[in-house]
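Note that this note's numbering numbers the sequence shown so that position 89 is 94, with each residue one more than the last.
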Amino acid sequence: MSIGKEKVKLEKLLVSVASVKNIDDLNLEIVNEGYREYAAIIKTLYTKQPNIFGNLYNYDLREIKENKKFIKESYTAKARQVNFAVYRDSVVEAIERTMEYISSYVQ
Numbered sequence: 006m007s008i009g010k011e012k013v014k015l016e017k018l019l020v021s022v023a024s025v026k027n028i029d030d031l032n033l034e035i036v037n038e039g040y041r042e043y044a045a046i047i048k049t050l051y052t053k054q055p056n057i058f059g060n061l062y063n064y065d066l067r068e069i070k071e072n073k074k075f076i077k078e079s080y081t082a083k084a085r086q087v088n089f090a091v092y093r094d095s096v097v098e099a100i101e102r103t104m105e106y107i108s109s110y111v112q
């Protein structure tokens, strides 16, 4: 699979995750699925180009995972919504950063 195909997948993923605003079970599942897909894509990219995608693989995935954990630890609905927004934003930012790396360093 080429890196260009991975970039197309990331663009589609960005659209679906960025469109989510409020937390509910469906929206949480959309973002969780986006995270899982992103993790698979970044692992593939890291395998192909570890020098370029190493930081994204090591640090962005860890940050997203920690932000996801905060949703479960929220006690109030407001805190849950705030933590959900942080989680969603971390997934969106990681996708955008990965697409930028592909454009800047690979193509």
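Here a beta-carbon is modelled for each residue, glycine too, at the ideal position from N, C-alpha and C.
Computed from a prediction, not measured in an experiment: that's the story for all the values here.
Checklist entry - If we ignore side chains and look at the alpha-carbon of each, how far apart do Y43 and L18 end up? => result 8 Å
Checklist entry - Cβ atoms of V25 and R93: under 8 Å apart, would you say? => result yes
Next on the checklist: Pop quiz: M104 and L50 are said to be a contact at Cβ under 8 Å. What is the actual Cβ separation, rounded to whole angstroms?
Outcome noted: Contact doesn't hold; Cβ gap of about 11 Å is too wide.
Next on the checklist: So, at 8 Å on beta carbons, what are the nonlocal neighbours of V111 in its own chain, with the 5 sequence-adjacent residues on each side left out?
Outcome noted: I8, Q54 and I57
Item to check | Pick from R85, Q86 and E98 that is closest to D65, judged by C-alpha positions | outcome: E98
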